[in-house]
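Trainee:
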Amino acid sequence: MWNQFFLLEEYTGTDTQYVGKLHTDQDKGDGNLKYILTGDGAGNIFVIDENTGDIHAAKKLDREEKSLYILRAKAIDRKTGRQVEPESEFIIKIHDINDNEPKFTKDLYTASVPEMSGVGIIKTALPDMSRENREQYQVVIQAKDMGGQMGGLSGTTTVNITLTDVNNNPPRFPQSTYLFNSPESAPLGTHLGRIKASDPDVGENAEMEYRIAQGEGADMFDVLTDKETQEGIITVKQNLDFENKMLYTLRVDASNTHPDPRFLHLGPFKDTAVVKISVEDVDEPPVFSKISYLIEADEDVKEGSIIGQVTAFDPDAVNNFIKYSIDRHTDADSIFSIHAENGSIFTLKPLDRESSPWHNITIIATELNNSKQSSHVPVFIRILDINDHAPEFAMYYETFVCENAKPGQLIQTVSVMDKDDPPRGHKFFFEPVPEFPLNPNFTIVDNKDNTAGIMTRKDGYSRHKMSTYLLPVLIFDNDYPIQSSTGTLTIRVCACDSQGNMQSCSAQALVLSAGLSTGALVAILLCVLILLVLVVLFAALKRQRKKEPLIISKDDVRDNIVTYNDEGGGEEDTQAFDIGTLRNPEAREESKLRRDVMPETIFQIRRTVPLWENIDVQDFIHRRLKENDSDPNAPPYDSLATYAYEGNDSIADSLSSLESLTADCNQDYDYLSDWGPRFKKLADMYGGDESDRE
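Just so we're on the same page, my numbering is the position in the sequence shown counted from 1, plus 56.
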């Protein structure tokens, strides 16, 4: 009767489904027997109580998957282990039920819900569900007909739910203390190490920023935030010094950059860690007490005198000895030297502020035990001024006084210069020299502004009586020791117009032109060529001409005629063809009498015809030859007429009459005064009386 059991599929009860009971009449109820179940699903789907023999279904069964199960039963004596009954086989059949459940439109649904959200269509089963604990959820939804009663049909679907992140977690350092080492010579900006706080949030909710809290080391170090890795990088901000401080303790904060105001009540969204930085000792070069030195020294300081001192020390703990030296590239003339042990600077040569007011040298400090460790410092030496130069005139003055000057008239203002540079500024004084305290001609007036005026002291000066005056001026300063010098002014007496403008001075020389104009050179060459042609023609004619004697025979009874074969003075009658007379019109020679004319003979002056403008030189010579040929006063001898041709662009007419043989006393030169200031000199020379010319 127990060989077959029946069981419903899709059992949904809360307890295990009871299948049936195995029992043998050998069972006295004393617990000596043990029931064993083997076969399909024994142990996992179907379980048996080994004491009572009750069989239960441990799982829900599906007839469509398996409709029957074949199992075998045994009853064993616990003490002997022997079967008390032969093994029996039985079948468990699964009864079919209406299991065609309803179908959903989708087999899989996906949804996302922010963590910590409130109630929605799909409710959270637990309060404050955290994405950090579990991000993905899969929910099976079942739909039943018949109101869920037994025998009704149902359908299911799956919903995948993802919890999205919100910033509800502050950053946290995984450790409370970090330790880094740094050499004291680490350059600024050196990375010493990285720290990182963890944040279970993701995306921008996990972004953080690192800062060093105020306190120890905040001014010596800095922390940078790596946006890619969200790490804090500790860097060197100031130069480190092992001898000054060997260990720094920093407090570094890590905080979220995008906090969510909804969760601020959960606490501060930052964390703090302690960072300790140990500074390692490094052998450093000497350090000077100043970054530069300024030393002042008087320019009259004696050689070998100490003018200043520099000091340096070894910053290392061993404190090595220091030796000093001068970089000779900065003191090529070896003007200074330094004591190798104490750094005293002294002079080797005399100083001169006027030639070198500043000396810039470089001092080198080197460790005695390690010559590779050295440092440099600039030393600026200013040479202080000593009043060792006398003032003198600032320039050369070309001073003149007019002949018609009046007493008290200012003729020159002089200023002076001094190579010295006194701290209170220059102050100069002007006085006459003690040997000539009262000058009858001029007065020296101190203007009290480092200048002096030279004033006339009398009425009228004559350049013929005294053409030049020498006026010594005593100049001295007010610094200590007082320096003085005597400057001498050369004052010329000049002729001036009514406005006081200089026109001519007795010491003024007539400047002769050193060169010849192009027209004069052409005229000279032309004259030389004409003379050569005339000489050749004259020589040819002389050879062809045969002279016949005036008296052919001694018996010729005619008047006695004395025959002369004298051609005259020839070149002796002239100035030896002085072609230099055609040179530049400004060049003139002293008037010379022709030797073929008696000295006492006086000739009347000829007025020459005015030259045309831009007249040709050859035409000029032809005109003058024609005038000379037609002159009845010219002697019947071979002669050479000389002229001073002024050339083009002359304001006045030809001055050739000035070269006349007539004595100066018979010529009236008053018309020169009408030619303007350029001919004032000639008017003064030729238009005055006899005493003036002398």
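Cβ atoms here follow ideal geometry from the backbone N, Cα and C, with glycine treated the same way.
Using three-state DSSP, classify Gln294 as helix, strand or coil.
Mentor: Note: Gln294 maps to coil in three-state DSSP.
Trainee: Is it true that the region 299-318 meets the region 344-354, where meeting means three or more beta-carbon pairs spaced less than 8 Å apart?
Mentor: As far as the Cβ criterion goes, the region 299-318 does not touch the region 344-354, which means the pair count is below three.
Trainee: Alpha carbon to alpha carbon, what distance is there between Glu65 and Glu121?
Mentor: Roughly 10 Å separates the two Cα atoms.
Trainee: Counting beta carbon pairs with one atom in the region 387-406 and one in the region 315-332, are three or more of them shorter than 8 Å?
Mentor: The region 315-332, when compared against the region 387-406, does not touch it at the 8 Å Cβ threshold.
Trainee: Return the CA-CA distance between Ala461 and Gly516, expressed in angstroms with no decimal places.
Mentor: Approximately 5 Å, taken between the alpha carbons.
Trainee: With DSSP as the reference, please indicate the residues paired to Gly95 in a beta bridge.
Mentor: Answer is Leu127.
Trainee: Ile580 by DSSP, collapsed to three states: which one?
Mentor: If DSSP states are grouped into helix, strand and coil, Ile580 belongs with the helices.
Trainee: Which value, in whole angstroms, describes the spacing of the CA atoms of Glu627 and Asp685?
Mentor: At Glu627, the pLDDT of 48 sits below 50, so the modelled position is not reliable and the matter cannot be decided from this model.
Trainee: Classify Val338 as buried or exposed, calling it buried when 16 or more other Cβ atoms lie within 10 Å of its own Cβ.
Mentor: Classification for Val338: exposed.
Trainee: Among Asn375, Val489 and Ala551, whose alpha-carbon lies nearest the alpha-carbon of Phe532?
Mentor: Closest option to Phe532, Cα to Cα, is Val489.
Trainee: Is the beta carbon of Ile290 less than 9 Å from the beta carbon of Phe298?
Mentor: In this structure, Phe298 does not lie closer than 9 Å to Ile290 by Cβ.
Trainee: Given that a residue counts as buried once 16 or more other Cβ atoms are within 10 Å of its Cβ, and exposed if not, what is Leu527?
Mentor: So Leu527 counts as buried.
Trainee: Can you name, in chain order, every residue of its own chain whose Cβ lies under 6 Å from the Cβ of Thr422, other than the five neighbours on each side?
Mentor: Excluding positions up to five away in sequence, the list reads Lys379 and Ser430.
Trainee: Can you find the residues in the same chain that come closer than 6 Å, C-beta to C-beta, to Pro226, ignoring five residues on each side of it along the sequence?
Mentor: Only Phe325 meet the Cβ criterion.
Trainee: Could you please give the first and the last residue of the uninterrupted beta strand (DSSP E) stretch that includes Lys149?
Mentor: From DSSP, the beta strand (DSSP E) with Lys149 extends over Ser144 to His151.
Trainee: Checking 9 Å against the spacing of the C-beta atoms, do Ala113 and Ser232 come in under that value?
Mentor: Cβ distance not < 9 Å, so Ala113 and Ser232 don't count as in contact.
Trainee: Hey, how far is the Cα of Pro230 from the Cα of Pro256?
Mentor: Their backbone Cα atoms lie some 12 Å apart in a straight line.
Trainee: If you draw a straight line from the alpha carbon of Arg134 to that of Lys77, how long is it in whole angstroms?
Mentor: Taking the straight line from one Cα to the other gives about 19 Å.
Trainee: Classify Phe594 as buried or exposed, calling it buried when 16 or more other Cβ atoms lie within 10 Å of its own Cβ.
Mentor: Exposed is the call here.
Trainee: Where Thr246 and Val292 are concerned, what is the direct C-alpha to C-alpha distance, given to the nearest angstrom?
Mentor: So the alpha carbons of these two residues sit roughly 5 Å apart.
Trainee: Taking one C-beta from the region 546-554 and one from the region 503-522 each time, how about it: are there three or more such pairs within less than 8 Å?
Mentor: Because the criterion of three Cβ pairs below 8 Å is met, the region 546-554 and the region 503-522 touch.
Trainee: So what does Phe498 bridge to, in DSSP terms?
Mentor: Thr512, per the DSSP bridge assignment.
Trainee: Helix, strand or coil for Lys737 per DSSP?
Mentor: Helix.
Trainee: Given a threshold of 16 other Cβ atoms within 10 Å of its Cβ, counted over all protein chains shown, does Gly556 qualify as buried or as exposed?
Mentor: Burial call: exposed.
Trainee: Check the C-beta distance from Gln192 over to Thr218 and give it rounded, since I have them as a contact under 8 Å.
Mentor: That belief holds up - the Cβ atoms of Gln192 and Thr218 are roughly 6 Å apart, short of 8 Å.
Trainee: Closest by CA to Leu320, which one among Asn224, Lys483, Gln270 and Val578?
Mentor: With distances taken between Cα atoms, Leu320 lies closest to Asn224.
Trainee: Can at least three beta-carbon pairs, one atom from the region 237-245 and one from the region 256-266, be found at a separation below 8 Å?
Mentor: Counting Cβ pairs under 8 Å, fewer than three are found: no touch.
Trainee: Say whether the region 128-142 touches the region 84-98, bearing in mind that this needs 3 or more beta-carbon pairs closer than 8 Å, one atom from each stretch.
Mentor: A contact exists between the region 128-142 and the region 84-98.
Trainee: Return the residue from the list Asn398, Glu359 and Ile417 that minimises the CA-CA distance to His385.
Mentor: Taking only the C-alpha atoms, the option nearest His385 is Ile417.
Trainee: For Gly636, which residues of its own chain have a beta-carbon under 6 Å away from its beta-carbon, when the five flanking residues on both sides are left out?
Mentor: Model confidence at Gly636 stands at a pLDDT of 47, short of 50, so the residue's coordinates are unreliable; what they give is reported in the following sentence. So the list is empty, once near-sequence residues are dropped.
Trainee: Let me confirm a value: Leu63 is counted as buried when at least 16 other C-beta atoms fall within 10 Å, else exposed. Which label applies?
Mentor: Leu63 is buried by the Cβ-count criterion.
Trainee: Taking the alpha carbon of Gly99 as the reference point, which residue from Thr108, Lys115 and Gly87 has its own alpha carbon closest?
Mentor: Of Thr108, Lys115 and Gly87, the residue nearest in Cα terms is Lys115.
Trainee: So the candidates are Lys84, Glu336, Ile538 and Gly271; which of them puts its Cα closest to the Cα of Asn300?
Mentor: When each option's Cα is compared against that of Asn300, the closest is Glu336.
Trainee: By DSSP, does Val12 sit in helix, in strand, or in coil?
Mentor: The chain is shown only over 57 to 750; residue 12 falls outside these bounds and no answer can be derived.
Trainee: DSSP on Asn684, reduced to helix/strand/coil?
Mentor: Helix at Asn684.
Trainee: Between the C-alpha atoms of Ile153 and Asp118, what's the straight-line distance to the nearest angstrom?
Mentor: So the two alpha carbons sit approximately 10 Å from each other.
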